[in-house]
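For reference, the structure discussed in these notes is given below.
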Amino acid sequence: MRKPTITDVCLITRDLEASIAFYTEKLGYTLKSRMPNFADFEGPGLILALWEAEHIHETTGVRSQRDEPGGHNVMLAVCLDSLDEIDEMYTRLSEAGVELYSQPKDYPWNARCIYFAGPCGELWEFFAWHEGGEPGLVSQGAEQYEEVAS
């Protein structure tokens with residue numbers, strides 16, 4: 001199995017709309033995809049993503065530092081090539097003594113994911129897309145986004 005490559009840095013936010021406005025209007029990022037409670041941006045290198053704190057807790061059980069002491073406020077994401085690799089990574093990490101939030105799980109954003117915390121309190125997400133790939137992609141200049149079950 002190849003070494004994990006960080007593909008995304010996800011900032012956990014209390015105010016998604018204000019964060020989107022900041023990154024697009026102030027820093028010039030281009031909105032790549034937009035779903036309820038989530039957005040990410042095109043840019044050189046890594047993908048910058050935003051995820052609402054309450055939603056990450058509701059859907060994954062992961063706490064955010066914005067909501068609770070000891071929670072997370074940054075997430076590093078690693079995209080693996082297949083759903084099977086997620087299951088293999090789960091087994092590998094479990095056997096290495098890593099405490100994961102849950103077994104691999106399929107989420108409404110069309111991905112199979114596992115979550116765990118690093119030693120500095122950072123949240124890690126390993127994910128693989130189901131058939132059909134990433135939902136919520138935004139067309140250039142489009143102001144609307146496709147509603148995806150949250």
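Mind the numbering: the sequence shown is residues 1 to 150 in the UniProt record's numbering, read in order. We treat Cβ as the ideally placed atom computed from N, Cα and C, and that holds for glycine. Note that the structure is predicted; figures quoted are calculated from it, not measured.
Per DSSP, the continuous beta strand (DSSP E) segment holding Ser33 begins and ends at 30-35.
Take Ile86, set aside five residues on each side of it, and the residues of its chain with a beta-carbon closer than 8 Å to its own are Leu80, Pro104, Arg112, Cys113, Ile114, Phe126, Phe127, Ala128, in chain order.
Fully enclosed alpha helix (DSSP H) runs of no fewer than 4 residues occupy 16-21, 53-60, 83-95 of the UniProt domain "VOC" (5-129), in order along the chain.
C-alpha of Val74 to C-alpha of Ile12: approximately 6 Å in a straight line. A distance below 7 Å between beta-carbons, with the five flanking residues on each side excluded, links Ser82 to the following residues of its chain, in chain order: Ala128. For Asn110, the closest C-alpha among the options Arg63, Gly133, Val9 is that of Gly133.
With contacts defined as CB atoms closer than 8 Å, Leu31 and Val138 qualify as a contacting pair. A contact between stretches requires three or more CB pairs, one per stretch, nearer than 8 Å, and the segment 91-99 fails this requirement with the segment 51-60. Distance from the CA of Glu52 to the CA of Asn37, rounded to the nearest whole angstrom, comes to 5 Å.
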